[in-house]
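Asker: Here the sequence shown is numbered in numbering that gives the first Met the number 0, starting from 0 and rising by one per residue. Glycine included, C-beta positions come from ideal geometry on N, C-alpha and C.
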Amino acid sequence: MQTEDERTLNEDLVAGLKDIVGNRYVITNPRSMKRFCKGFRSGEGEAIAVVRPGSLLEYWKVLKACVGAGKIVVMQAANTGLTAGSTPVGTYDRDVVVLNTTRMDAIQLLDGGKQIVSFPGATLFTLERTLRSLGRLPHSVIGSSSIGASVVGGVCNNSGGSLIERGPSYTELALFAHVDEDGELHLVNHLGIRLGDTPETILTRLESGDYTVADMEATNAKASDADYIERIRDINADTPSRFNNDPGRLFEASGCAGKLAVFAVRLDTFPKNEREQVFYVGTNDTGILTRLRRDLLPSLHTLPVSAEYMHRECYDISKRYGKDTLVMIDRLGTDRLPTFFALKGWLDARLNRLPVLPRNLIDRVMQGLSNIWPNVLPKRMEAFRDRYEHHLILKARDGGIEEVESYLKETFDGESADWFACDPREGKIAGLHRFAAAGAAVRFMAVNEGKVSDILALDIALRRNDEDWFEHLPPEIDEALSHKLYYGHFFCHVLHQDYVVKAGYDANEIKARMIEILDERRAEFPSEHNVGHLYKAKPALADFYRKCDPTNTFNPGIGKMSRCKDYH
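#1: Restricting to Cα atoms, I'd like to know which of Arg379, Val441 and Ala76 is closest to Thr324.
#2: What is the DSSP secondary structure of Leu368, counted as helix, strand or coil?
#3: Buried or exposed: which applies to Arg6, given that a residue is buried once 16 or more other Cβ atoms fall within 10 Å of its Cβ?
#4: Round the Cβ separation of Val178 and Asp548 to the nearest angstrom and send it over; I've been treating them as touching at under 8 Å.
#5: Quick check: is any heavy atom of the ligand PLP less than 8 Å from the C-beta of Trp345?
#6: Please name the residue, chosen from Glu478, Trp468, Val500 and Leu457, that lies closest to Lys450 on a Cα-to-Cα basis.
#7: With DSSP as the reference, identify every bridge partner of Arg135, one or two as the case may be.
#8: Can you list, in chain order, the residues of its chain with a C-beta nearer than 7 Å to that of Ala435? Leave out the 5 residues immediately preceding and following it.
#9: Are at least three pairs of beta-carbons, each pair with one atom in the stretch 241-261 and one in the stretch 132-140, less than 8 Å apart?
#10: Below 9 Å between beta carbons: does that hold for His532 and Gly503?
#11: What did DSSP end up calling Ala420 once you bin it into helix, strand or coil?
#12: With DSSP as the reference, label Ile514 as helix, strand or coil.
#13: Taking the continuous alpha helix (DSSP H) assigned at Arg545, which residues delimit it?
#14: Tell me the residue span of the beta strand (DSSP E) that contains Ile557.
#15: Can you tell me where the alpha helix (DSSP H) holding Arg232 begins and where it ends?
#16: If we call anything under 9 Å between Cβ atoms a contact, is Tyr498 one with His310?
#17: Measure the beta-carbon distance from Tyr279 to Ile392 and round it to whole angstroms, keeping in mind my assumption that it falls under 8 Å.
#18: Pull up the distance between the alpha-carbon of Ile516 and that of Ile476, whole angstroms please.
#19: What is the C-beta distance between Asp527 and Gly159, in whole angstroms, given that I count them as a contact (C-beta under 8 Å)?
#20: Smallest Cα separation from Leu631: which of Thr170, Glu229, Leu299 and Leu184?
#21: Does the Cβ of Trp372 have 16 or more other Cβ atoms within 10 Å, making it buried, or fewer, making it exposed?
#22: Can you give, in chain order, each stretch of the beta strand (DSSP E) that sits fully within the stretch 42-106 and has at least 3 residues?
#23: Keeping to the same chain, check which residues put their C-beta closer than 6 Å to that of Arg293; ignore five residues upstream and five downstream.
#24: Would you tell me roughly how many angstroms separate the C-alpha atoms of Thr100 and Pro474, rounded to the nearest one?
#25: Do the stretch 28-44 and the stretch 345-353 touch if we need at least three Cβ pairs shorter than 8 Å?
#26: Can you pull the DSSP bridge partners for Leu309?
#27: Just to confirm, are Pro52 and Tyr91 a CB contact at a threshold of 9 Å?
#28: Give me, in chain order, the residues of the same chain whose beta-carbon lies closer than 7 Å to that of Leu376; leave out the 5 immediate sequence neighbours on both sides.
#29: Could you check what DSSP says for Tyr314 in three-state terms: helix, strand or coil?
#30: Determine the closest residue to Tyr58 out of Gly44, Pro87, Val96 and Leu249, with distance taken between C-alpha atoms.
#31: Count the other CB atoms, across all protein chains shown, that sit within 10 Å of the CB of His471; report buried if there are 16 or more and exposed otherwise.
#32: Once the 5 residues before and after Ile47 are set aside, which same chain residues still bring their CB inside 6 Å of it?
#33: DSSP has Val116 in a bridge; who is on the other side?
#34: Just how far apart, CA to CA, sit Ala541 and Leu484?
#35: At 4 residues or longer, and completely inside the stretch 138-217: list those alpha helix (DSSP H) runs for me, N to C.
#36: Check this for me: beta carbons of Lys258 and Tyr544, under 9 Å apart or not?
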């Protein structure tokens with residue numbers, strides 16, 4: 000219960016925030032705040048306001064006001080996270096302000112597009128579109144998990160993506176704010192661009208693009224994880240190739256998980272492939288896929304673009320509950336989807352409050368339309384679904400196309416394992432079908448409310464030398480699950496494992512037992528979606544968070560750490 004003084008202070012703060020960004024962009028109505036305070040898959044909490052600054056200078060002023068008032072600040076961009084790390088969760092010892100950055104979505108090109116500077120709200124879709132005419136590609140492309148994910152969010156979460164040669168999203172060049180041990184807010188310019196000495200000058204010059212080649216500093220700082228190719232080729236290493244808790248990938252903005260307020264990041268881009276070919280592989284023997292991975296990674300001169308795994312059960316769930324996502328991306332492209340899903344979130348927040356309507360009405364309507372929509376999956380994929388339990392969508396590029404095709408011809412017998420070279424349409428649909436799998440589990444739960452208790456979403460990084468990669472659960476866990484969805488980035492040995500828990504079973508108990516099993520297997524988790532509020536931060540990550548944010552002002556409670564000021 001707030002005291003009269005606290006209410007007055009909050010009213011004064013809200014009034015000050017409205018002076019900075021305008022009345023329209025300070026949201027205090029609980030119903031309107033709902034879509035910003037509820038996670039894409041899990042997590043929900045309360046805030047006294049949601050603020051949406053429209054410029055970097057407004058962003059700085061909002062931070063100063065919130066820090067000066069002693070409030071918690073939860074950073075949020077597209078709110079597509081899977082581990083509740085970008086929304087308030089539970090209760091805190093101070094009031095919370097959610098700072099949503101999606102209005103600050105500019106991307107600036109450096110050196111003809113060989114590098115970019117991304118503002119905090121820019122999405123991967125926007126970056127991909129911006130680079131298309133330049134013949135360049137971003138670190139990540141559609142194919143991992145989330146609609147409309149932001150570029151900066153990927154860096155802050157060490158997101159891995161589906162591209163074999165890229166590794167986790169990483170940079171040592173960033174512009175960010177942090178709160179020091181005395182509670183003072185500071186702006187740190189490590190972009191490698193000389194922009195001035197005061198926050199106002201730095202932010203104004205950056206936003207207006209008021210800098211030239213002469214302002215670029217000589218630096219050896221990395222703008223991508225350039226060593227990843229060497230790591231992934233080392234198939235006999237007893238550690239994972241990439242995971243969220245890797246101390247070697249925690250640097251300022253990279254991996255900070257909202258414990259810093261990031262204004263901009265500088266990242267490498269990559270040349271567009273001259274040729275690409277998708278191969279569709281099926282087998283009932285996991286050992287065959289193990290051998291394929293261990294044969295190709297060290298030997299190929301040109302590594303594949305991606306190697307996306309799907310289990311048959313995941314294939315089926317994605318086919319039924321991810322069809323509308325696949326069709327929308329196929330028909331509309333990616334540009335309009337973030338707006339569509341923002342509108343859906345806005346409608347969900349309002350319709351779910353009406354007792355006369357069923358919960359998740361939009362999902363139910365979309366699923367009903369999806370059920371009557373014709374099957375869009377290619378016939379050859381459907382035939383492989385009937386023949387094989389394990390599916391691999393292997394995309395090769397340039398000279399690697401012939402290398403991969405030669406291997407498949409020599410190794411696969413057409414019985415225990417088979418393959419086919421996709422035509423362009425088949426290759427596109429196969430990739431979209433895999434992409435839709437992550438949202439399919441969320442849709443399944445939304446339209447089967449009451450029949451299931453929860454969804455457990457684990458993303459794990461296996462050791463590079465682990466040949467026994469496919470999970471076999473003990474009977475007491477298996478009987479508590481209605482569905483197990485296995486999919487992931489197979490050559491990176493990163494797997495997403497979503498479990499639909501039957502009604503009547505305790506999801507937290509099941510998760511605790513699963514984590515014990517993963518510890519026994521010496522797997523690392525999470526592999527690329529950050530700890531959020533669902534995982535415990537291991538010592539290296541917890542120490543990094545405290546270093547970034549010694550007063551626990553930004554996003555407290557992530558990694559199951561203290562929610563209290565100064566971590567008391």
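Answerer: Straight from the coordinates:
#1: Residue 324 sits at position 325 when you count from the first residue of the sequence shown. Checking every option, the nearest Cα to that of Thr324 belongs to Val441.
#2: As a position in the sequence shown, residue 368 is number 369, starting the count at 1. If DSSP states are grouped into helix, strand and coil, Leu368 belongs with the helices.
#3: Along the sequence shown, one-based indexing puts residue 6 at 7. Exposed, since its Cβ has fewer than 16 Cβ neighbours within 10 Å.
#4: Walking along the sequence shown from the start, residue 178 turns up at place 179. Walking along the sequence shown from the start, residue 548 turns up at place 549. About 6 Å; that satisfies the 8 Å criterion.
#5: Annotation note on the ligand PLP: not contained in the displayed structure, which lists no ligands.
#6: Taking the first residue of the sequence shown as position 1, residue 450 is located at position 451. Nearest of Glu478, Trp468, Val500 and Leu457 to Lys450, Cα basis: Val500.
#7: In the sequence shown, the residue the question calls residue 135 occupies position 136. Arg135 pairs with Pro270.
#8: Locating residue 435 in the sequence shown gives position 436, where the first residue counts as 1. So the list reads Ser317, Gly321, Thr324 and Leu325, once near-sequence residues are dropped.
#9: no
#10: For the purposes of this step, residue 532 is identified with residue 533 of the sequence shown, where counting begins at 1. For the purposes of this step, residue 503 is identified with residue 504 of the sequence shown, where counting begins at 1. No, the Cβ-Cβ distance between His532 and Gly503 is not below 9 Å.
#11: Indexing the sequence shown from 1 puts residue 420 at position 421. Three-state result, Ala420: strand.
#12: The sequence position of residue 514 within the sequence shown is 515, counting from 1. Helix, per DSSP.
#13: Walking along the sequence shown from the start, residue 545 turns up at place 546. Looking at the DSSP string, the run of the alpha helix (DSSP H) that includes Arg545 is Pro538 to Cys547.
#14: Taking the first residue of the sequence shown as 1, we reach residue 557 at position 558. Per DSSP, Ile557 belongs to no beta strand (DSSP E) and is neither H nor E.
#15: Taking the first residue of the sequence shown as 1, we reach residue 232 at position 233. Per DSSP, Arg232 belongs to the alpha helix (DSSP H) from Tyr227 to Arg232.
#16: Taking the sequence shown and counting its residues from 1, the one referred to as residue 498 is at position 499. Taking the sequence shown and counting its residues from 1, the one referred to as residue 310 is at position 311. Cβ atoms of Tyr498 and His310: not closer than 9 Å.
#17: Counting from 1 along the sequence shown, the entry for residue 279 is found at position 280. Counting from 1 along the sequence shown, the entry for residue 392 is found at position 393. The pair is a contact, with the Cβ atoms about 6 Å apart (cut-off 8 Å).
#18: Taking the sequence shown and counting its residues from 1, the one referred to as residue 516 is at position 517. Taking the sequence shown and counting its residues from 1, the one referred to as residue 476 is at position 477. Approximately 11 Å between the Cα atoms of the pair.
#19: As a first step, residue 527 is located in the sequence shown; it is residue number 528 there, counting from the start. As a first step, residue 159 is located in the sequence shown; it is residue number 160 there, counting from the start. Asp is not the amino acid found at residue 527; the sequence shown has Glu there. The pair is a contact, with the Cβ atoms about 4 Å apart (cut-off 8 Å).
#20: Nothing can be reported for residue 631, as the shown portion of the chain is limited to 0 through 567.
#21: For this step, residue 372 is matched to residue 373 along the sequence shown. Trp372 is exposed by the Cβ-count criterion.
#22: 48-50, 71-75 and 95-99
#23: In the sequence shown, counting from the first residue as 1, residue 293 sits at position 294. Within the same chain, Arg293 has close Cβ partners Ile234.
#24: In the sequence shown, counting from the first residue as 1, residue 100 sits at position 101. In the sequence shown, counting from the first residue as 1, residue 474 sits at position 475. Looking at the two C-alpha atoms, the distance is approximately 45 Å.
#25: yes
#26: Position 310 of the sequence shown, counted from the first residue, corresponds to residue 309. Contrary to the premise, residue 309 reads as Met rather than Leu in this sequence. Met309 pairs with His390 and Tyr486.
#27: Here residue 52 is taken as the residue at index 53 of the sequence shown, counted from 1. Here residue 91 is taken as the residue at index 92 of the sequence shown, counted from 1. Contact: no.
#28: Here residue 376 corresponds to residue number 377 of the sequence shown, with the count starting at 1. Result list for Leu376: Lys318, Ile428 and His432, in chain order.
#29: Residue numbering aside, residue 314 sits at position 315 when the sequence shown is read from its first letter. Residue state, collapsed to three classes: helix.
#30: Here residue 58 is taken as the residue at index 59 of the sequence shown, counted from 1. Checking every option, the nearest Cα to that of Tyr58 belongs to Val96.
#31: Working through the sequence shown from its first residue, we reach residue 471 at position 472. His471 should be labelled exposed.
#32: Here residue 47 refers to the residue found at position 48 when the sequence shown is read from its first residue. The answer, listed in chain order, is Asn9 and Asp94.
#33: As a first step, residue 116 must be located in the sequence shown, where it is residue number 117. DSSP lists Gln107 and Arg265 as partners of Val116.
#34: Locating residue 541 in the sequence shown gives position 542, where the first residue counts as 1. Locating residue 484 in the sequence shown gives position 485, where the first residue counts as 1. About 30 Å.
#35: 150-155 and 198-207
#36: Residue numbering aside, residue 258 sits at position 259 when the sequence shown is read from its first letter. Residue numbering aside, residue 544 sits at position 545 when the sequence shown is read from its first letter. In contact: Lys258 and Tyr544 (Cβ atoms closer than 9 Å).
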